[in-house]
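Colleague: This structure is in structure tokens; I'll ask about it shortly.
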Amino acid sequence: MADTALATGPLPPAGQPDIRAAYLEMTRRKRMYGGILLVLFVALMASGFLLAEGRNAGGFLDGLPMLTAFPSEVLSEAWANRAAIPGRILQFLPSLVETVNIAAVATLLGGLGAAVLSLLATRGLSRWPRLTPLFRRIMDAFRAVPEIVIALVLIFILGGGPVPAVIAIAIHTAGALGKLFSEVAENADPKPVEGLQSVGANWSQRMWLGVIPQVAPNWLSYALLRFEINVRASAILGFVGEGGIGHDLKLAMQWGQGRYDQVVAIFLLLFVTIVIIDRISDRARERLVKGR
Amino acid sequence: MPTLTATLPAADLSQGIVRRFARRRLTALAVPAAILAYLAYAAIAFDVAGLAQRARWDNAAILLSDFWSYKTHVSRDNRSGDLTVAIEGEAKGTYPPGMLPDWVTVAGEVTTIDLGGGHVVTYDPAGARYVVPGYGTIGIRPTEDGLVLDAPEPLPEGVSVSKNRIAVTTQAGRFNYTRSKVETFRYQPGWELFFFTLDSPFRGKGPLELAALALGGERIDPARSNLGYMLSEFWTNKMWRHGDVAWAMFETVLMAFLGTMGAALVALPLGFLAASNMMPVRAARFGLRRVFDFIRGVDALVWTIVLARAFGPGPMTGALAILITDTGSFGKLFSEALENIDERQVEGVRSTGAGGLQKARFGVIPQVVPVLLSQVLYYLESNTRSATIIGAIVGGGIGLLLTQAIMTQKDWEEVAYYMVLIVLMVMLMDSLSGWLRRRLIRGG
Chain A
1 MADTALATGP LPPAGQPDIR AAYLEMTRRK RMYGGILLVL FVALMASGFL LAEGRNAGGF
61 LDGLPMLTAF PSEVLSEAWA NRAAIPGRIL QFLPSLVETV NIAAVATLLG GLGAAVLSLL
121 ATRGLSRWPR LTPLFRRIMD AFRAVPEIVI ALVLIFILGG GPVPAVIAIA IHTAGALGKL
181 FSEVAENADP KPVEGLQSVG ANWSQRMWLG VIPQVAPNWL SYALLRFEIN VRASAILGFV
241 GEGGIGHDLK LAMQWGQGRY DQVVAIFLLL FVTIVIIDRI SDRARERLVK GR
Chain B
293 MPTLTATLPA ADLSQGIVRR FARRRLTALA VPAAILAYLA YAAIAFDVAG LAQRARWDNA
353 AILLSDFWSY KTHVSRDNRS GDLTVAIEGE AKGTYPPGML PDWVTVAGEV TTIDLGGGHV
413 VTYDPAGARY VVPGYGTIGI RPTEDGLVLD APEPLPEGVS VSKNRIAVTT QAGRFNYTRS
473 KVETFRYQPG WELFFFTLDS PFRGKGPLEL AALALGGERI DPARSNLGYM LSEFWTNKMW
533 RHGDVAWAMF ETVLMAFLGT MGAALVALPL GFLAASNMMP VRAARFGLRR VFDFIRGVDA
593 LVWTIVLARA FGPGPMTGAL AILITDTGSF GKLFSEALEN IDERQVEGVR STGAGGLQKA
653 RFGVIPQVVP VLLSQVLYYL ESNTRSATII GAIVGGGIGL LLTQAIMTQK DWEEVAYYMV
713 LIVLMVMLMD SLSGWLRRRL IRGG
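Chains as they are written, first to last, in our numbering: chain A, 1 to 292; chain B, 293 to 736.
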């Protein structure tokens, strides 16, 4: 008796069983809700999968054994032709450079756009405080449009080449980075800005000297992450649209047998590039965010 | 006691500071200069100068006008004399016999087309005439050796004449005469037939009329209610295919949902096995980490291609492609989140005598769930966008419809429609995932 009184503290002993029952009841209810949610989730996943399988051309179980057929076909042909692969790698190097350039230019332009947009869309920093919601919506819209939509429409107007891809990725980057940049800028210390204002600095001076130095490490880190994403996006856009190594991959794939050494060379180039960029950006981000 | 300033000669200090400032100023200039130099190189490498010549501004004009307007073709076969009026010139947009838009009148063999603003085109057995206000009448007669033009000189801009073809383009529309047929195109704003096609009994009725019909008018089809009939007519609209589009959107969301959630389920145990504070065997950790790196390094594009070969086109292939790609990302993110947990809670649970699984369930999971959920939801939103692109490659969902519509290079109003839908879908998923994140993580 004394034990339990100690555990529950100053509560009157009469209330004890109620509290305990209520607690157990609450746990049971929580568990039940959790269970219902879990069952619902599993049912949703299962029915969704069955639905997706039903609308697919091939079934899941029929396809599983085939999964390794294509890669092994490609690899065996490429192995027979292995002497040609270093030459192929050299041949596709310019396309790879183009793909990386598309990503880099798009990240640069998109990052610059995001910097301006995010400052205009951050409460307390905006040049026109009343227009912050407008700039936020602009960023939302930029983020929502998939790159492929802009790229395909621009290809129709501008013709092939890397420029439509750059514009498409840059627009999406401006929206995606803008949101992250603005979150960082919101947490920036307002004191330098106030100090600059007190000596008569205008808006761009306040931002350039008061905000940018504070947020630069985080912004750069996000931009690097985005660059990594954009390299992948630029390869995919090449496959669907035009330009860069994705396009070469599509051509080689369409040719099919006889050009699998090219396919393997492109795979290798893409893989190595992505892993290297991944590594560099990981390291650099760690240094930027956690301090050197 | 010597202070810092006393030990350093003042001149040295100021020199050092000046030098540091100079270096900083130099880097402050060098970085933008390097960026500019790189952009200049890229401009040359991408041939931006040549772009101006290659750009097809006429395509841009077509696209922009097509986004918000439609054209109606009024064409006559010059041999048989048959007249067809069709929206966008498509069979499914053809006016049925006995039904014409009010700006086309037929009297015997004479057809009069009023393009508005005084522009009137007349087809008659002798040929065709186009009255252009402020200029005069362009008359065309077919003869044995070609078309004969009868128009006041000088010919206005937009008229092109050859032996076999005479074309007139004005602000009101386009007119085209060849030996075999004569066509007039009238452009009007709006997305025509968006709700009901021409063969539907509800076509051309205003919203009030439709509401009245739906709520209580006499049944048009005795077998079903007007509202049901209306909805089915809208859903099966042959021109805009709303039903198919809705299915495609659903497929896209389904791909994103299945892929993201499946990846999270697969990656959760793997993340435990790859976290240094959960998995004592170093080699296993290292191996798993490299597997994650490999999966992420082989791009989503490549996974998509390989899977499409095995499973054929469709939404399941897309979902599996997202699943595999994101397993790599989630594995890395989850294991990092697990490494950053607070060990004290796990120790607390262990002090009560809990085993490994119980430690994970009560010591670790409650700490990482908010972090993991927030990442999963973030990916769900971003994957909705990726699913559009993956759909274009594997052939499923709205991405496929979009690329098909773009490739025909004429259904731009449908492209605009799909674009609006995609943007709305992504924004909806964005706010949904944001709302869920707030509810689940802050609301507890």
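Idealized CB from N, CA, C, for every residue including glycine.
With Lys179 (chain A) as the anchor, note down where its alpha helix (DSSP H) starts and where it stops.
Modeller: That run of the alpha helix (DSSP H) goes 162–186.
Colleague: On the three-state DSSP scale, how would you describe Asn370 (chain B)?
Modeller: Correct three-state label for Asn370 (chain B): coil.
Colleague: Just reading off the beta strand (DSSP E) that Ala399 (chain B) is part of, what are its end residues?
Modeller: Segment 396–399, the beta strand (DSSP E) holding Ala399 (chain B).
Colleague: Along the beta strand (DSSP E) that carries Lys473 (chain B), what are the first and last residues, could you check?
Modeller: Per DSSP, Lys473 (chain B) belongs to the beta strand (DSSP E) from 473–481.
Colleague: Given a cut-off of 7 Å on the beta-carbon distance, is the pair Asp261 (chain A) and Ala52 (chain A) in contact?
Modeller: It is not a contact, given that the beta carbons lie outside the stated cut-off.
Colleague: Using three-state DSSP, classify Asp304 (chain B) as helix, strand or coil.
Modeller: Of the three classes helix, strand and coil, the one that applies to Asp304 (chain B) here is helix, per DSSP.
Colleague: Would you mind working out which of A:Ser182, A:Leu209, A:Thr68 sits nearest Arg136 (chain A), comparing C-alpha positions?
Modeller: Of A:Ser182, A:Leu209, A:Thr68, the residue nearest in Cα terms is A:Ser182.
Colleague: Check whether the region 393–401 of chain B and the region 448–465 of chain B touch, using three or more Cβ-Cβ pairs below 8 Å as the test.
Modeller: Counting Cβ pairs under 8 Å, fewer than three are found: no touch.
Colleague: Please name the residue, chosen from A:Leu251, A:Gly246, A:Lys290, that lies closest to Pro271 (chain A) on a Cα-to-Cα basis.
Modeller: The question names Pro, yet the displayed sequence has Phe at residue 271 (chain A). Cα-wise, what sits closest to Phe271 (chain A) is A:Gly246.
Colleague: Counting only beta-carbon atoms, is Asn632 (chain B) nearer than 7 Å to chain A?
Modeller: No - not a single Cβ of chain A is within 7 Å of the one on Asn632 (chain B).
Colleague: Return the Cβ separation of Glu242 (chain A) and Ile277 (chain A) in integer angstroms, given the expectation that the two are a contact with Cβ distance under 8 Å.
Modeller: With 8 Å as the limit, Glu242 (chain A) and Ile277 (chain A) do not qualify as a contact, their Cβ atoms being about 22 Å apart.
Colleague: Got a sec: is the Cβ-Cβ distance from Ala234 (chain B) to anything in chain A below 7 Å?
Modeller: For chain B, the structure presents residues 293 to 736; residue 234 (chain B) sits outside this window and is missing.
Colleague: Would you mind reading off the limits of the beta strand (DSSP E) that contains Arg283 (chain A)?
Modeller: It is not in any beta strand (DSSP E) - Arg283 (chain A) instead sits in the alpha helix (DSSP H) that spans 260–290.
Colleague: Beta-carbon separation of Leu664 (chain B) and Ala567 (chain B) under 7 Å?
Modeller: No; because the gap between Cβ atoms is not below 7 Å, this pair is not in contact.
Colleague: How about Ala174 (chain A) and Gly113 (chain A): are their beta carbons less than 7 Å apart?
Modeller: Yes, these two residues count as a Cβ contact at 7 Å.
Colleague: State buried or exposed for Leu523 (chain B), treating a residue as buried only when at least 16 other CB atoms are found within 10 Å of its CB.
Modeller: That one is exposed.
Colleague: Grab me the residues of Arg729 (chain B)'s own chain with a C-beta within less than 6 Å of its C-beta, minus the 5 sequence neighbours each way, in chain order.
Modeller: Hits under 6 Å: Ser666, Leu669.
Colleague: Given this structure, state the Cα-to-Cα distance separating Leu220 (chain A) from Ile19 (chain A), to the nearest angstrom.
Modeller: Going by the C-alpha atoms only, they are around 53 Å apart.
Colleague: If you draw a straight line from the alpha carbon of Val116 (chain A) to that of Ile169 (chain A), how long is it in whole angstroms?
Modeller: Taking the straight line joining both Cα atoms gives about 17 Å.
Colleague: Strictly under 7 Å for the Cβ-Cβ distance: is Asn529 (chain B) near chain E by that measure?
Modeller: Of the protein chains in the structure, A and B, none is chain E.
Colleague: Chain A partners of Asp339 (chain B), CB-CB under 9 Å?
Modeller: Those within 9 Å of Asp339 (chain B) in chain A are Gly161, Pro162, Val163.
Colleague: For a quick check, are the C-beta atoms of Ala555 (chain B) and Leu615 (chain B) less than 7 Å apart?
Modeller: Closer than 7 Å, so yes.
Colleague: Straight-line CA distance for Met719 (chain B) to Arg226 (chain A)?
Modeller: Roughly 20 Å between the two C-alpha positions.
Colleague: Here's the rule: buried if 16 or more other CB atoms are within 10 angstroms of the residue's CB, otherwise exposed. What is Val402 (chain B)?
Modeller: Answer is exposed; the Cβ neighbour count stays below 16.
Colleague: Would a C-beta distance cut-off of 7 Å place Ala697 (chain B) and Glu705 (chain B) closer than the cut-off?
Modeller: No, the pair does not count as a contact, with Cβ atoms beyond the cut-off.
Colleague: Kindly indicate which three-state DSSP category Asn218 (chain A) falls into: helix, strand or coil?
Modeller: Helix, per DSSP.
Colleague: Which ranges would you report for the alpha helix (DSSP H) in the region 307–359 of chain B if only whole runs of at least 4 residues count?
Modeller: Whole alpha helix (DSSP H) segments, 4+ residues: 340–346.
Colleague: Assign Val39 (chain A) to buried or exposed, taking buried as 16 or more other Cβ atoms, counted over all protein chains shown, within 10 Å of its Cβ.
Modeller: Exposed.
Colleague: Which residues of chain B have a Cβ atom closer than 9 Å to the Cβ of Ile274 (chain A), listed in chain order?
Modeller: Here the neighbours are Arg588, Gly589, Val590, Asp591.
Colleague: Name the residue from B:Gly691, B:Thr476, B:Ser357, B:Trp727 whose alpha carbon lies nearest to the alpha carbon of Asp536 (chain B).
Modeller: It is B:Gly691.
Colleague: Measure from the C-beta of Leu732 (chain B) to each C-beta in chain A and report whether the shortest distance is under 7 Å.
Modeller: With 7 Å as the cut-off, Leu732 (chain B) does not count as an interface residue toward chain A.
Colleague: If you measure from the beta carbon of Ile432 (chain B) to each beta carbon in chain A, is any gap under 7 Å?
Modeller: Answer no: the Cβ-Cβ gap between Ile432 (chain B) and chain A never drops below 7 Å.
Colleague: Less than 7 Å separating the beta-carbons of Ala420 (chain B) and Ile432 (chain B)?
Modeller: Closer than 7 Å, so yes.
Colleague: With DSSP as the reference, please indicate the residues paired to Ile432 (chain B) in a beta bridge.
Modeller: DSSP output for Ile432 (chain B) lists B:Ala420, B:Leu441 as bridge partner(s).
Colleague: Between Ala121 (chain A) and Thr107 (chain A), is the Cβ-Cβ spacing less than 7 Å?
Modeller: Contact flag unset, no.
Colleague: Just how far apart, CA to CA, sit Lys702 (chain B) and Ser357 (chain B)?
Modeller: Straight-line Cα distance between these residues: approximately 11 Å.
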